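Worksheet: one structure, shown below.
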Amino acid sequence: MADSSFDIVSKVERQEVDNALNQAAKEITQRYDFKGTNASISWSGEKILMQANGEERVKAILDIFQSKLIKRGISLKSLDVEGEPQLSGKEYKLFASIQEGISQENAKKVAKVIRDEGPKGVKAQVQGDELRVSSKSRDDLQAIIALLKGKDFDFALQFVNYR
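Here this note's numbering is used: the first residue of the sequence shown is 63, the next is one more, and so on.
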């Protein structure tokens with residue numbers, strides 16, 4: 063019998079992020095506490111730009127955006143906020159980006175957890191920005207998924223191509 067396997071990936075649905083961003087932008091234009099503050103959130107190339115006339119307002123925009131991401135089922139671990147709001151002219155700006163793919167370093171961390179704490183006979187191999195886990199036993203694979211869901215990594219994980 064052939065080995066069963068699944069892939070561990072870190073992907074984000076771009077359309078869902080776009081929808082969350084549009085919802086946040088709509089809420090910002092409608093909220094009374096943002097009237098006349100030039101508050102906005104938008105795409106700036108591959109990054110998300112949040113700007114307003116006060117540092118606290120920029121943080122409030124980030125909070126709104128994070129709540130919209132959660133409602134859309136996107137892990138906040140995939141949102142990478144770049145430092146504190148920066149003053150640029152009269153506006154405070156904050157950039158964030160969406161992280162996708164598992165870096166080699168993070169893939170090695172996951173593989174080490176599987177090797178050290180998982181059932182024997184389970185193999186994990188890095189393939190680009192994802193990790194393929196294979197075993198003769200499907201029960202072992204289910205145990206690995208449960209093990210990894212119980213761990214708190216600093217990046218989002220999804221399990222795909224289970225066969």
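We put the beta carbon where it would ideally sit given N, CA and C, even for glycine.
As the structure is a prediction and not an experimental result, all values here were calculated from the model.
{"Item": "Name the one or two DSSP bridge partners that LEU193 has.", "Value": "ILE70, VAL188"}
{"Item": "Keeping to the same chain, check which residues put their C-beta closer than 8 angstroms to that of ALA82; ignore five residues upstream and five downstream.", "Value": "PHE127, LYS130, LEU131, LYS133, ARG134, ILE136"}
{"Item": "Quickly, what does DSSP pair LEU141 with across the bridge? List them, please.", "Value": "ILE160"}
{"Item": "To the nearest angstrom, report how far apart LYS213 and GLU146 are at their CA atoms.", "Value": "28 angstroms"}
{"Item": "Which residue comes first and which comes last in the beta strand (DSSP E) that contains ALA114?", "Value": "109-114"}
{"Item": "Say whether the region 162-169 touches the region 115-124, bearing in mind that this needs 3 or more beta-carbon pairs closer than 8 angstroms, one atom from each stretch.", "Value": "no"}
{"Item": "So VAL184 and TYR154 are supposed to be a Cβ contact under 8 angstroms. How far apart are they, rounded?", "Value": "Actually they do not touch by this definition, with Cβ atoms about 49 angstroms apart."}
{"Item": "Going by beta-carbon coordinates alone, are ALA87 and SER104 separated by less than 8 angstroms?", "Value": "yes"}
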